[in-house]
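Quick note: the sequence shown uses my numbering, first residue 3, plus one each step.
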Amino acid sequence: MDPLAPLLELSEVADALENARANVDRMLWHEALRGGDELVAAEVALHSASATLALDGYDCDVERLRDRDFDDPAVSGVLRVTEALPGLAPMWPVSPRYVLAKLHTLATKEIPAAMAAAVVHGELLAVRPFPVANNVVARAAARLALASKGLDPKLLITVDAGHLERAPEYVGAQRAWSTGTPDGVRSWLKHYGKALTAGAGETLQICTELVKDAGEASA
């Protein structure tokens, strides 16, 4: 039995993660993704970078990132992490230590991808293995877990925007997870499911706006 499987039995956790999965599936059927996803992926990268910066207290919106209108090394670091994710995703399931120092893979095929990502994210936040940028690395690692488990193989879920949308809950749920209690673990896993749902919604909005812009440009 997978060691993480009992977590699915915590109240409301399975429903929250399944609801997230359903919303992600709905997002992936959007017309903007039918002819190729490069444009959507580029926009998602900018929105995710902006959101993860905001979660760490940096004010750098999508347009500033798009225009490279910044000189803060922390912002540059977040962009480097975000832009490196597609290349790192294939390495995650076979060599996680190479991708993320001494991090061991915490999930297997028997549990939902959302669960794997939530556990990776939560554990890195609790352990804080690096001198700086632990939050940025944890969010990026969780996205790689989603990709490697097949839920978001092309990194199209704007999940960091989902965390930002529920920022107070995100912070509180992190602390709850760190306690290791059933209630604390449940709180974090439920938050992660909600953040995935919100992130899928953000990507749907990006898709809709891109289709609208393309229509207006061709009119």
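Virtual Cβ for every residue (Gly too), placed ideally from N, Cα, C. Everything numeric in this text was worked out from a predicted model, so none of it was measured.
Asked	Found
Report the start-end ranges of each alpha helix (DSSP H) in the segment 136-182 that is 4 residues or longer and not cut off at the edges.	136-150, 161-167 and 169-181
Roughly how many whole angstroms lie between the Cα atoms of L153 and G203?	15 Å
Can you check whether the CB of Y60 is closer than 8 Å to the CB of A76?	yes
Determine the DSSP secondary structure at S13, reduced to helix, strand or coil.	coil
Give the range of the alpha helix (DSSP H) segment to which E125 is assigned.	A115 to V129
Helix, strand or coil: which one does DSSP assign to V64?	helix
By how many angstroms is the C-alpha of A142 removed from the C-alpha of L238?	One cannot answer for residue 238 here, as it falls past the ends of the chain, which runs 3 to 221.
If we count the other Cβ atoms within 10 Å of its Cβ and call it buried at 16 or more, is E218 buried or exposed?	exposed
What number of angstroms, rounded off, separates the C-alpha of D69 from the C-alpha of G89?	23 Å
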